[in-house]
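So the sequences go chain by chain: C and B.
Residue numbers for the first sequence follow the working numbering, so the first one is 39 and each next one is one higher.
Residue numbers for the second sequence follow the working numbering, so the first one is 39 and each next one is one higher.
In this text, a Cβ means the ideal position worked out from N, Cα and C, and glycines have one as well.
2 protein chains.
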Amino acid sequence: MAAEKDLDYIVAMLADDVLGSKRERYEHPLPTSYRKAFQAIVSDPNNELVVAYDGKDNVIGVQQITFTPYLTHQGGWRATIEGVRTASSVREEGIGSELIKWGIKRAKDRGCHVVQLTTDKKRPDALRFYERLGFKATHEGLKLKLY
Amino acid sequence: MAAEKDLDYIVAMLADDVLGSKRERYEHPLPTSYRKAFQAIVSDPNNELVVAYDGKDNVIGVQQITFTPYLTHQGGWRATIEGVRTASSVREEGIGSELIKWGIKRAKDRGCHVVQLTTDKKRPDALRFYERLGFKATHEGLKLKLY
């Protein structure tokens, strides 16, 4: 699980991305909105911020997993994976795949009946990546921006 | 917000559906898994089970809204809508539309920057319904079933 000292690395990774570069603000000091969100995530028992470290304690991968109880599927819990990123220095080394596999195992351990995620249609490589891991694109993912 | 007395009506609605009929168990007494999930939902400040009533205190619509803090989008909160159903007796009367509009307002009030949902590709009418309400199908929705 991520520690507060990792936040700087994580935001740097989120910003170092085709889509992320347009919407994140990686600067020093980090905007307080990131610190507030970090606290909200790590203090919620149904949210986990998972990081992968290299041998030198640097963050090289991140994902957020949200566990949600639903009435559907006879009151089944679901795990939702979001915000998956790996450091550009280790891309193609299988870190992303290891992260998702870890998330799937974690979802099983917490009794979830499904792991779900959405991926932007502008990322065809990401879609193929998740399909190789066994995910099926059975749903449309819709968004309504509020601001 | 839903009360425990509404649970029977809600599960009846979830089961009275092309896809739901295959995966729900509407029987008396209700399987305890539904009651456990109901308690988990209503006791979580980041989950809301929203119901619409007719004039006689019967439930005619339901949706679940989950509020989640993320690091992405500069630490923005999102609202995820799931499990939207209306009673077959009132279908085509705009109850579903009113529910979603209520959810969008609620998401704004809670400071979310986006409302998101996924809809099964086997429900083309649902996709058009959400698009009419302003949602854009920019993402693929992927699922990995665990059991």
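*Starting from the beta carbon of N85/B, find every residue of chain C whose beta carbon is closer than 8 Å, and list them in chain order.*
T106 and P107
_Burial state of M51/C, where buried means 16 or more other Cβ atoms lie within 10 Å_ = buried
*DSSP beta-bridge partners for K43/B?*
Note: K43/B sits in no beta bridge, so no partner.
*List the residues that DSSP assigns as beta-bridge partners of R123/C.*
Partner residues in the beta bridge of R123/C, as assigned by DSSP, are V100/C.
*Neighbour list for R61/B in chain C, Cβ cutoff strictly below 8 Å*: T110, H111 and Q112
_Own chain, CB closer than 7 Å to I142/B, minus 5 neighbours either side, in chain order_ = In the same chain as I142/B, and ignoring 5 residues on each side of it, the C-beta atoms closer than 7 Å to its own belong to V153, in chain order.
*Residue closest to G196/B, alpha-carbon to alpha-carbon, out of P67/B, P162/B, A41/B and G99/B*: No answer is possible for residue 196/B: it lies beyond the span of chain B, which begins at 39 and ends at 185.
*asked:* Just to confirm my understanding: we take D95/C, look at its own chain, exclude 5 residues before and 5 after, and list those with CB closer than 8 Å. What are they?
replied: none
*Tell me where the alpha helix (DSSP H) around L165/B begins and ends.*
P162 to R170
*Would you say L184/C reaches chain B, if we count a Cβ-Cβ gap shorter than 8 Å as a contact?*
yes
_Does chain B have any CB closer than 8 Å to the CB of E120/C?_
yes
*Pick out whichever of V97/B, L184/B and A175/B has its Cα sitting closest to the Cα of A40/B.*
V97/B
*Please report the residue range of the beta strand (DSSP E) in which K183/B lies.*
K174 to K183
*On the premise that N85/B lies in contact with D82/C, defined as a C-beta separation below 8 Å, what is that separation, rounded to the nearest angstrom?*
With a Cβ gap of about 11 Å, D82/C and N85/B do not count as contacting.
*Cα-Cα separation between V88/B and D92/C, rounded to whole angstroms*: Rounded to whole angstroms, the gap between the alpha carbons of V88/B and D92/C is 44 Å.
*Can you find a C-beta in chain C that's less than 8 Å from the C-beta of Y91/B?*
Not an interface residue.
_Check whether A175/B and L57/C have beta carbons under 8 Å apart_ = no
*Grab me the residues of Y72/C's own chain with a C-beta within less than 7 Å of its C-beta, minus the 5 sequence neighbours each way, in chain order.*
Around Y72/C: L45 and V49.
_V56/B - partner residues in DSSP beta bridges_ = DSSP output for V56/B lists no bridge partner at all.
*For E22/C, which residues does DSSP report across the bridge?*
Any property of residue 22/C remains undetermined from this structure, which presents chain C solely from 39 to 185.
*Considering only C-alpha positions, which residue in the set W140/C, Q112/C, K146/C and V128/C is nearest to F76/B?*
Q112/C
*Which listed residue (P67/B, L137/B and F105/B) has its alpha carbon closest to that of R148/B*: With distances taken between Cα atoms, R148/B lies closest to F105/B.
_Pairwise C-alpha distance: H66/B and Y185/C_ = 45 Å
*Would a check of beta-carbon distances place T124/B closer than 8 Å to chain C?*
no
*Could you confirm whether any beta carbon from chain C is found closer than 8 Å to the beta carbon of K139/B?*
no
*Rounded straight-line distance, which links the Cα of E130/C to that of E178/C*: 27 Å
*Shorter than 8 Å from the beta carbon of Q102/B to some beta carbon of chain C?*
Interface residue, yes.
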